[in-house]
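Protein chains in written order, with numbering that gives the first Met the number 0: chain F, 0 to 280; chain V, 0 to 499; chain U, 0 to 334. Just so you know, even glycine gets a beta-carbon here, dropped at the ideal spot from N, CA and C. The block underneath contains the structure these notes are about, expressed in structure tokens.
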Amino acid sequence: MGIADYMLAALFYSAPIIIAALGESLVERAGRVNLGVEGMMALGASISVALSSLTGSIVLGILGGAVAGVALSLVYIAAVIMARLNQFVVGLLISFTGLGLADLVASMGHKIGPGIPQGSESHILLVSICIVTPPALYIMLSRTPTGIEIRAIGYDESTARERGLRVDMLRSIAIAFGGIMAGIAGSYISLALHGGKYFSGITAGMGWIAVGSVILGYWNPLGVAIAGYAIGIIMLLRPQLASMGIGDFIASSTPYIAIIIALALASIFGRRSLGSHSIIP
Amino acid sequence: MEALLELKGVSVIYPSGVTAVSDASLKIYRGEVLALLGENGAGKTTLAKVISGVVRPSSGEIYIDGARRRLSSYRDAVGLGIYMVPQTPQLFGNLSVLEDLRLSLKLSGYRGVFRNAIEGFAGALRRLGAGFSIESRCSSLSMGERQKVEIAKAIILGRRLAIFDEPSVHLTPSESRSLGEIVRELARSGRSVIYITHKISEAMDIADRIAIMRGGRIAGIIEERGADFDTIVRLMFGDKPINDSQTRGFVEHSEIDPGGSVLEIRDLWVPGNHGGYSVRGVSLSIRAGEILGIAGIAGNGQRELFEVLSGLRKPARGSIILDGEDITNKGQDYRIRRGLSLVPEERLDWGLVPGLSIAMNIAISIEPRSRGFFIDWRSVDMIALEIINSVGVKARSTRDPVDILSGGNMQKLMVARELYRGPRVIVAMNPTGGLDIATARFVRRLITDYSRKAGALIISEDLDELIEICDRIAVMSRGSIRGLFTRPFDYDEIARSMIS
Amino acid sequence: MRVYSGILRSYGGVLLGLIVGFASSITLGSLSPAGLSGSLSSLLWVYTSPSPLIASILFMGPIALSAAGLSIAYRSGFITVGSEGQVIAGSAAALWLTAIMDLGLHPLQAFVLASVFSGSIGSLLGLLPAIMRIYLGASEILSSLMLNYVVLYIVNYLVSGPWRSGAFPVTKSVPEQYRLGYVDIILISLATSIALYIILSRSRLGLMVEVLGRSPRAAETYGLRPRLAIYYVSSISGFTAGVGGAVAVLSFQNSLTPMSIFPGYGYMGALVAWLSSNNPILTLPASWFFSTLLVYGGALQASGLSIGYVLAIQSIIVLSVILFRRITGGGVGYS
């Protein structure tokens, strides 16, 4: 495979990670962490296959995926923003719920449906989200008044409330956006990466990796996209590494190890997101 | 002259029962500079918040341009041209000055052209002598620079009435003078300015009229310039009898037998939350049998000093010596074992743990540390009962959650617990804050009785209290000790040292 | 009277949450191929016949053990989900000791050795998030979550590679004489819960934990050594989870195949801890409850439903309970 082909293949492979990570990056800029991304992606994957198989339309499938993501994000909004429960606990619960419900939906039949062939229009369209969204998010965050407001909220919640910023509303919107992105990422996984098939575990931890990519990309939309892409490159290297005698498990673990390291570095350099509660100020 | 704004009988009573402002009536005329003068806690900021729409008065009326108005939000107030600059700059560190301004403009419902606002803003900054570009990140600005940003915002947004809350706190004298000029200019151009301060000299320089607040009330309004300094002092602090007693309250002179130094703080420098140092080279010494007080307006480094002693903050420089032993780098449990006792400012969530029983709250401090893995709850219960009874706190059982006690009882419990251990020195911050008179007296007595043999360091905003119980009083301002006073105390002298 | 209404409020919320959670789970189960009748009858069977009820005890091991340890950790405010990786590592360690290294030990010796070995590995795994939290202030939830995957991949590699026995990626089985029975599991879980309860209520560590979880400032100010407490709770929860893994292998798992996060006994331990308000004694009945749900899910598996659905039901129930607990005013949020 030529280098160009390889780079393209890596992009196709990492697209769901990038899409979900971009959604989550907005959430985290607004000051919240959504650990439910994995579940949202799984449910999105499952529902989109079910819909595409039932209706024959992949567009409806993708739409269904997005709706699935939004539905779960509504749970997050209700539990975390409104009822003020712990965001990490709720996120994990939503992930487990989403993963399980995805299997439930699949068990009703309709695990296989029309998919998105590689290189087709819809495929290109979905992948182009990865290219278009980062600069769009970047401009939104750095130039628009709403973007400034979101960044302020994520930086200092108490001052933001005192000064009358719309903390809860903007966070809810960000979370819903994250849900849509995660759901679409899920649809991509089942419809595009696996040609219209769903099976249990199809998300293979990509949701967590997406959350980790936000840290790796240091919360900058462009950085996050690059981080997701880099992970895609590494994942694609697995067969090559295997032939060199390096076990598959090393390549699979690499993204997670990278995320741990990124988390450590980010904590050292003072990024106080992730609600990191240190004992001593 | 017509009144731009009039307050009639305004009171602010918080749900907790605390009265911040009581029956305040005030007129503010167009084109005048009115100074709102008073001590900490006199109610100046609260009154200003009523005017700027941030706080709703519990009673009373507000008239603007002669018409009765209800200011339900600060957006309303800005719409009417009233804008208040906060006491501490409230900028977002991750935004640039320009972006933060954009935010303020948007939040205030500013409807003018952005470009004009930015120009006016930049111009005001220049006049204040700001050397930084508006593209700089707010986190890179010093406190003084941040304050200038806030002041410049007020100049743009307070079209009719701009309120400045202690603006010169972080400014150098020359910057304060520039500010004074800008303020007078604003007044000349027809705007009204309310200038909140605790510095009498500042008020006298800048203002056309001075409204003096004390204890939530308007104690007096000085209508002409060139008023008498002492009159103002008396209005600010009330008629205080000069405490000329040779000894502190409750205790006979002969009983005090100062021993060796129990606690020494040497050249302590502590970094603050916003860069820079909150504590600058503080040195103090407390002997056994002595009570040293630290007086000062809140926010001058006292809290950071206390946090260093409680192990929550690390000093950048300096040392702490307990009974001759350097404990600066020792763990907090070592310090406590060595005889350090702490009474923090907040009883719930710091001194006591909400949700846990009385017995457990006693255990956190007195539980003997040298025994094994298990806690002997029976003896803890006995000690707890002893402590409860010794201070007259009524509780059904030591297993009851500590939250059900009243504030006063919680405070008595906390102080008694700290003294029970027999510490060498007890460090307390605002030990009688928010207590009724009887309980406050009780707590003070507890401390003074105990410190016949040990040392005590009391950090307090209540100067009367310190004068009553301390042997010596140090005044802390801007992170350093400005003065050290011994008995007999001259209230006015100490008060002046706090505010100059 | 005030005390009683308080109890009613907090338990009322829990009850409401349980009902809502359970009901929605059954509704969801009716969507499965088994249909409403299928899921209802499976449910009835699980809760009315003795054999499934007893069988569910078998699954309790890893869940109850990790939950008990986690309840202590969560009380201190250290929210780790590393139990999943610790259970997996613990099961691998115990398998290695008993099946692969055939040491010919007396069953009791084998159990003790396996427990200590698995528990120690679990403790070690718990150290990473603890160190990152103490020295860097980094979120332990994320670091433990990521670590789980690393552990998972390593163990899967071992299971399908060096430890493989035969053509399929399955390891050797644990010899019969080492296997644990129902009574063993009950005793082990009971002993662990009681031990942790004693630690919580009577030891100095317990006091450190309770104070740290509610007021970190008080903990630091009065010399309760928050850092040490975090080391302890991460080690203890890691140890119990590791032992849970050993128990799993010695009771129902017997041999290992490459795993996914389903069923995720370690995660279930976390769910149980949250459900039980972090009370180590309450985690016992709650773990058994979750085990019965596993049996219920297993019954539905025959009609084509993946076992992951059980984790979803459990999560919905926990979410519902903590939500209602919050709404009715009880419960600590750790928010």
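Beta-carbon to beta-carbon, I198(U) and L204(U) are separated by about 6 Å, close enough to satisfy the 8 Å threshold. One alpha carbon belongs to A72(U), the other to F95(F), and they sit about 21 Å apart. Rounded to the nearest angstrom, the Cβ distance from G60(U) to L146(U) is 22 Å, too far for a contact under 8 Å.
If only complete runs of 4 or more residues are kept, the region 121-165 of chain V shows the alpha helix (DSSP H) at 142-156, in order along the chain.
The residue from V246(U), L189(U), G160(U), S172(U) with its alpha-carbon nearest to that of L179(U) is V246(U).
Rounded to whole angstroms, the Cβ separation of P314(V) and G354(V) is 32 Å, and the two are not in contact under 8 Å.
According to DSSP, residue pairing for M428(V) in a beta bridge involves I458(V). Ranked by how close their Cα comes to the Cα of A92(U), the residues Y152(U), S117(U), T79(U) have S117(U) in first place.
Only exposed fits V17(V), as fewer than 16 other CB atoms lie within 10 angstroms of its CB. If you look at S364(V), you'll find it in the alpha helix (DSSP H) that goes 357-365.
Boundaries of the beta strand (DSSP E) around F484(V): 479-485. Residue pairing by DSSP leaves D332(V) without any beta bridge partner. By the neighbour-count definition (other C-beta atoms within 10 Å, threshold 16), G55(F) is an exposed residue. Leaving aside the five residues that flank I99(U) on each side, the residues in its chain whose CB is nearer than 8 Å to its CB run, in chain order, W162, T170, K171. Along the region 436-448 of chain V, there is no position whose C-beta sits under 9 Å from a C-beta of chain F. Residues of chain V with a Cβ closer than 8 Å to the Cβ of E148(F) are, in chain order, L102, K105.
Under the 10 Å beta carbon count, F228(V) is surrounded by fewer than 16 other beta carbons and is classified as exposed.
With contacts defined by Cβ atoms closer than 8 Å, L100(F) and A311(U) form a contacting pair. For A245(U), the enclosing alpha helix (DSSP H) covers residues 225-247. In this structure, the straight-line span from the alpha carbon of K329(V) to that of E417(V) is close to 20 Å. Between R170(F) and G30(F), the C-beta spacing is below 8 Å. In chain order, F95 make up the part of chain F whose C-beta sits under 7 Å from the C-beta of Y266(U). Near chain U, meaning a CB-to-CB distance below 8 Å, the residues of the region 324-347 of chain V are G330, Q331, D332, Y333, R334, I335, R336, L341, P343. In the three-state reduction of the DSSP assignment, L341(V) falls in the strand class. Scanning chain U for C-beta atoms nearer than 9 Å to the C-beta of P353(V) yields R213, S214, reported in chain order. P487(V) and V261(V) have their C-alpha atoms some 24 Å from each other. Among the CB atoms of chain U, none fall inside 8 Å of the CB of M413(V).
Cβ-Cβ distances below 8 Å link I306(U) to F261, P262, L293, G296, G297, Q300 in the same chain, with the five nearest sequence neighbours on each side left out; the list follows chain order. Under the three-state reduction of DSSP, P270(V) is assigned to strand.
In this structure, K196(F) sits away from I115(F), with a CB-CB distance that is not shorter than 8 Å.
Residue pairing by DSSP places S284(V) opposite E263(V) in a beta bridge.
The Cβ atoms of I290(V) and S450(V) lie closer than 8 Å to each other. Beyond the five residues adjoining it in sequence on each side, Q301(V) comes within less than 8 Å, by CB distance, of I293, G295, M428, I458, M475 in the same chain, given in chain order. Residue ranges of uninterrupted beta strand (DSSP E) with 3 or more members, entirely inside the region 283-313 of chain V and ordered along the chain, are 290-294. S58(V) has S10(V) as its beta-bridge partners, per DSSP. Contacts between V149(U) and chain F, judged by CB atoms closer than 7 Å, involve S252, Y255, I256 in chain order.
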